[in-house]
Amino acid sequence: MLQPWPYPYLFAHRGGGRLAPENTLAGMATAVQHGYGAVEFDVKLSRDGVSFLLHDDTLERTSNGQGLAATQDIAALSRLDAGSWFAPRFAGEPLPTFASIAAYCRAHRLLANVEIKPCPGREAETGQAVATLAAALWQGHPAPPLLSSFAWEALLAARDAAPQLPRGWLIEEQWPQDWAQRLAALQAVSLHSDHLLLTAERVAAVRAAGYRVLAYTVNDAARAAELRQWGVDGIFTDALDVIRP
Ligand code: G3P
Ligand code: MG
Numbered sequence: 001m002l003q004p005w006p007y008p009y010l011f012a013h014r015g016g017g018r019l020a021p022e023n024t025l026a027g028m029a030t031a032v033q034h035g036y037g038a039v040e041f042d043v044k045l046s047r048d049g050v051s052f053l054l055h056d057d058t059l060e061r062t063s064n065g066q067g068l069a070a071t072q073d074i075a076a077l078s079r080l081d082a083g084s085w086f087a088p089r090f091a092g093e094p095l096p097t098f099a100s101i102a103a104y105c106r107a108h109r110l111l112a113n114v115e116i117k118p119c120p121g122r123e124a125e126t127g128q129a130v131a132t133l134a135a136a137l138w139q140g141h142p143a144p145p146l147l148s149s150f151a152w153e154a155l156l157a158a159r160d161a162a163p164q165l166p167r168g169w170l171i172e173e174q175w176p177q178d179w180a181q182r183l184a185a186l187q188a189v190s191l192h193s194d195h196l197l198l199t200a201e202r203v204a205a206v207r208a209a210g211y212r213v214l215a216y217t218v219n220d221a222a223r224a225a226e227l228r229q230w231g232v233d234g235i236f237t238d239a240l241d242v243i244r245p
């Protein structure tokens with residue numbers, strides 16, 4: 001049986017989707033401005049163990065930093081410009097800490113899907129740290145953050161560190177034959193799939209087993225409607241200006 005689900009159908013992917021630099025406070029504000037009630041963002045650890053937002057292992061694509069993020073302390077990471085690469089008007093936008101984004105989400109009633117995105121070799125450490133911090137940051141809040149990851153070891157560590165927080169398993173490339181066993185082992189609430197792997201039958205089977213189905217990354221309004229018709233519980237989208245709440 002499906003448990004109650006506090007999250008809306010639409011999650012703004014990486015904060016502001018294609019309208020703002022990804023994984024920044026400006027991105028979260030863009031989601032709010034477009035009427036979104038939930039965001040997805042990526043969290044990893046600095047060298048000194050602080051949780052912060054970044055998608056890639058390296059800094060070049062989305063900031064003016066260089067090299068592996070895991071080799072730098074949070075003090076140095078916090079001085080980087082994570083906005084100029086996207087557009088001049090975002091110059092000076094910082095690489096945010098997880099704690100600062102959590103505070104923003106809580107203050108603006110924005111629900112969160114926290115994707116645990118460990119740097120290679122730090123899977124369990126990152127899952128443990130992010131889940132522990134998430135539990136503390138959202139303590140007493142009616143809708144907890146939904147944790148997810150492609151990294152199985154990170155999810156197991158998150159489960160052990162904060163069993164009370166909901167968890168989703170992220171999949172890509174191929175549909176796992178053992179999805180039911182995996183979701184049970186994780187005590188998960190949801191399966192987060194590349195939307196191209198989904199069929200109406202697969203969505204129905206996962207939901208019949210008691211798990212929600214979320215789909216990434218859906219930027220076409222007709223496809224979003226089709227997935228909803230199939231029973232998909234939520235989508236991640238970059239097209240905040242096209243797919244409207
Ligand atoms: O969590 C959904 C989606 O964000 C997963 O892919 O690469 O955009 O983090 P990616
Ligand atoms: Mg992500």
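Sequential numbering of the sequence shown, starting at 1, is according to the UniProt record's numbering. Cβ atoms here follow ideal geometry from the backbone N, Cα and C, with glycine treated the same way.
Quiz item: Closest to A200 by CA distance: which of L214, L165 and V114 is it?
Solution: Nearest to A200 by alpha-carbon distance, out of L214, L165 and V114, is L214.
Quiz prompt | Length of the line joining the Cα atoms of A82 and F41 | solution = 14 Å
Quiz item: Taking the beta strand (DSSP E) that R212 falls in, what are its first and last residues?
Solution: R212 to Y216
Practice problem: Give the single residue among I116, P163 and V203 whose Cα lies nearest to the Cα of S51. | Solution: I116
Practice problem: Look at the Cβ atom of G168, then the Cβ atom of F11, and state whether they are nearer than 7 Å. | Solution: no
Quiz item: So the beta strand (DSSP E) A112 belongs to, where does it begin and stop?
Solution: L111 to I116 is the span of the beta strand (DSSP E), which, as asked, contains A112.
Practice problem: May I have all residues whose beta carbon comes closer than 5 Å to any heavy atom of the ligand MG, sorted in chain order? | Solution: D42 and E115
Practice problem: Taking 8 Å as the threshold, find out whether the segment 153–169 comes into contact with the segment 42–62 through three or more Cβ pairs. | Solution: no
Quiz item: Got a sec, what are the start and stop residues for the beta strand (DSSP E) G27 sits in?
Solution: It is not in any beta strand (DSSP E) - G27 instead sits in the alpha helix (DSSP H) that spans L25 to Q33.
Self-check item: Secondary structure of G231, DSSP reduced to three states
Solution: coil
Quiz item: Are there three or more Cβ pairs, one per stretch, closer than 8 Å when the segment 99–114 is compared with the segment 76–91?
Solution: Result no; under three Cβ-Cβ pairs closer than 8 Å.
Quiz item: What is the rounded straight-line gap between the Cα of L147 and the Cα of L197?
Solution: Taking the straight line joining both Cα atoms gives about 21 Å.
Quiz item: Are there 16 or more other CB atoms within 10 angstroms of the CB of M1, so buried, or fewer, so exposed?
Solution: exposed
Quiz item: Regarding E125 and the ligand G3P, is the C-beta to nearest heavy atom distance less than 6 Å?
Solution: If you check the C-beta of E125 against the ligand G3P, you find no heavy atom less than 6 Å away.
Quiz item: Does the ligand G3P have a heavy atom nearer than 6 Å to the CB of F98?
Solution: no
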